[in-house]
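**Student:** Here it is, the structure, as structure tokens.
Protein chains in written order, with full-length UniProt numbering: chain A, 1 to 168; chain B, 1 to 172.
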């Protein structure tokens, strides 16, 4: 029983790991370490809820957990980081490219939004979810979710256009 | 959805970096699951222990509270008889007026008869009486009314102190 549960869980995690990590990274404004911590915590929660949600929508469950934990962790001033002797490996050698520059610009812009606005933008424009599901994941009314998304997009429009605008 | 929103959507998807699910991720995840399971077990054990302790304390206190309600009626009796009777003496005199006469009577024969008459009880009170009665007469207003004539009650027990007198008289 436990083995079957573990197998199904591992299959799901292996299939969705990369996407979940990307969502978490967007939700944290590009903080890779925090994104990994968020995914880890969300998947631990998923493990205990796995018998209930395995047959339904495990990804929706993880997404909701991720969004709420990201909003909660954005309020924290310390995330349990501790100094280490060696710095972890950062980017791959092939990362030095326009894609990386673009991603960095996007993540920097996302980091300037509030946690709710960021979550609404990511769910609406990356996950392509309808407003009702965005509201459900955020735990707020549809109108509020729509407001978060539109304000987030407006702010991103301003930030990204300022970044692209030539100096002088 | 305008152009910017379409660009934003594309940007959000294109920046996805493929990150494989490696064994170290799996180990870390399962270590987290084990840790969470332990902490949940501990919380459950602690919670049930607290619940059992609270229940047992409640059950232990409940009978005491029930039994404590019953003797509340009997408590005033000894309390009024021993200490507060001194203060309540004038008020409690009403039921038995014999108490006030008895006290001077007991002191009266003691002073008058000296060591001659009674054995037992009065003899013990006799020796302190010369000094004690003087002091008592000043402090308490009882001696100023020494009607010596009725001598009969030598029996009124031998109160050594004023505090015990009312109790003795009350018991009579």
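Note that CB positions come from ideal geometry on N, CA and C, so glycine has one too.
1) So what's residue 156 (chain B) in DSSP terms, helix, strand or just coil?
2) I want to know whether the region 131–142 of chain A touches the region 150–157 of chain A - three or more CB-CB distances under 8 Å.
3) Just to confirm the assignment: which complete alpha helix (DSSP H) runs, minimum length 4, are found wholly within the region 98–140 of chain A?
4) Could you list which residues in chain A have their beta carbon closer than 8 Å to that of residue 16 (chain B), in chain order?
5) In this structure, how does DSSP classify residue 3 (chain A) when only helix, strand and coil are distinguished?
6) Looking at the unbroken alpha helix (DSSP H) that takes in residue 51 (chain A), where does it start and where does it end?
7) Can you give me the C-alpha to C-alpha distance between residue 115 (chain A) and residue 68 (chain A), rounded to a whole angstrom?
8) Given that residue 32 (chain B) touches chain A, what residues does it touch there, using C-beta distances under 7 Å?
9) Would residue 158 (chain A) be called buried (16 or more neighbouring beta carbons within 10 Å of its own) or exposed?
10) So residue 106 (chain A) contacts chain B; which residues on that side make the cut at Cβ distance below 9 Å?
11) So, residue 160 (chain A) versus residue 30 (chain A), is the Cβ gap smaller than 9 Å?
12) Could you tell me whether the Cβ atoms of residue 40 (chain B) and residue 47 (chain A) are closer together than 9 Å?
13) Apart from the five residues on each side of it in sequence, which residues of its chain come closer than 8 Å, Cβ to Cβ, to residue 25 (chain A)?
14) Using a Cβ-Cβ cut-off of less than 8 Å, give me the residues of the region 20–31 of chain B that come near chain A, in sequence order.
15) Show which residues of chain A have a CB atom less than 9 Å away from the CB atom of residue 38 (chain B).
16) Please classify residue 124 (chain B) as buried or exposed, where buried requires at least 16 neighbouring CB atoms within 10 angstroms.
17) Could you work out which residue in A:59, A:144, A:117 and A:102 is closest to residue 7 (chain B) when comparing CA atoms only?
18) Between which two residues does the alpha helix (DSSP H) containing residue 3 (chain B) stretch?
19) Of all the options A:28, A:27 and A:41, which has the alpha carbon lying nearest to the alpha carbon of residue 26 (chain B)?
20) Can you list the residues of chain B that residue 103 (chain A) reaches, using a CB-CB cut of under 8 Å?
21) To the nearest angstrom, how far is the alpha carbon of residue 38 (chain A) from that of residue 9 (chain A)?
22) Residue 157 (chain A) touches chain B at which residues, Cβ-Cβ below 7 Å?
**Tutor:** Let's see:
1) By 1-based counting over the second chain, the position of residue 156 (chain B) is 156. Interpretation of residue 156 (chain B) is limited by its pLDDT of 46, a score under 50 that renders its predicted location unreliable; no figure is taken from the coordinates.
2) no
3) 98–111, 115–121 and 131–138
4) Taking the first residue of the second chain as position 1, residue 16 (chain B) is located at position 16. 18, 19 and 22, listed in chain order.
5) Taking the first chain and counting its residues from 1, one reaches residue 3 (chain A) at position 3. The answer is helix: DSSP assigns residue 3 (chain A) an H, G or I state.
6) For this step, residue 51 (chain A) is matched to residue 51 along the first chain. First-last of the alpha helix (DSSP H) with residue 51 (chain A): 32–53.
7) As a working mapping, residue 115 (chain A) is identified with position 115 in the first chain. As a working mapping, residue 68 (chain A) is identified with position 68 in the first chain. When rounded, the distance between both Cα atoms is 9 Å.
8) Start at 1 with the first residue of the second chain, and residue 32 (chain B) comes out as number 32. Chain A residues near residue 32 (chain B): 40 and 44.
9) As a first step, residue 158 (chain A) is located in the first chain; it is residue number 158 there, counting from the start. That one is exposed.
10) In the first chain, residue 106 (chain A) corresponds to position 106, counting from 1. Those are 8, 11, 12 and 15, listed as they occur along chain B.
11) Locating residue 160 (chain A) in the first chain gives position 160, counting from the first residue. Locating residue 30 (chain A) in the first chain gives position 30, counting from the first residue. It is not a contact, given that the beta carbons lie outside the stated cut-off.
12) As a working note, residue 40 (chain B) is residue 40 in the second chain. As a working note, residue 47 (chain A) is residue 47 in the first chain. Against a cut-off of 9 Å, the Cβ pair of residue 47 (chain A) and residue 40 (chain B) comes out as no contact.
13) For the purposes of this step, residue 25 (chain A) is identified with residue 25 of the first chain, where counting begins at 1. Correct list, in chain order: 31, 32, 35 and 107.
14) 20, 21, 25, 26, 28 and 29
15) Counting from one through the second chain, the residue named residue 38 (chain B) turns up at place 38. Correct list: empty, because the minimum Cβ distance to chain A is about 12 Å.
16) Your numbering for residue 124 (chain B) matches position 124 in the second chain. Unreliable placement is indicated for residue 124 (chain B), whose pLDDT of 45 sits below 50; the coordinate value is still reported in the next sentence. With fewer than 16 other Cβ atoms within 10 Å, it is exposed.
17) Residue numbering aside, residue 7 (chain B) sits at position 7 when the second chain is read from its first letter. That would be A:102, whose Cα lies nearest to the Cα of residue 7 (chain B).
18) As a working note, residue 3 (chain B) is residue 3 in the second chain. 3–14 is the span of the alpha helix (DSSP H), which, as asked, contains residue 3 (chain B).
19) Residue mapping note: residue 26 (chain B) aligns to position 26 of the second chain, counting from 1. Nearest option by C-alpha distance: A:41.
20) Position 103 of the first chain, counted from the start, is the residue given in the question as residue 103 (chain A). Ordered by position in chain B, the residues that pass the 8 Å Cβ test against residue 103 (chain A) are 15 and 17.
21) Residue mapping note: residue 38 (chain A) aligns to position 38 of the first chain, counting from 1. Residue mapping note: residue 9 (chain A) aligns to position 9 of the first chain, counting from 1. About 17 Å.
22) Locating residue 157 (chain A) in the first chain gives position 157, counting from the first residue. What residue 157 (chain A) touches in chain B: 4.
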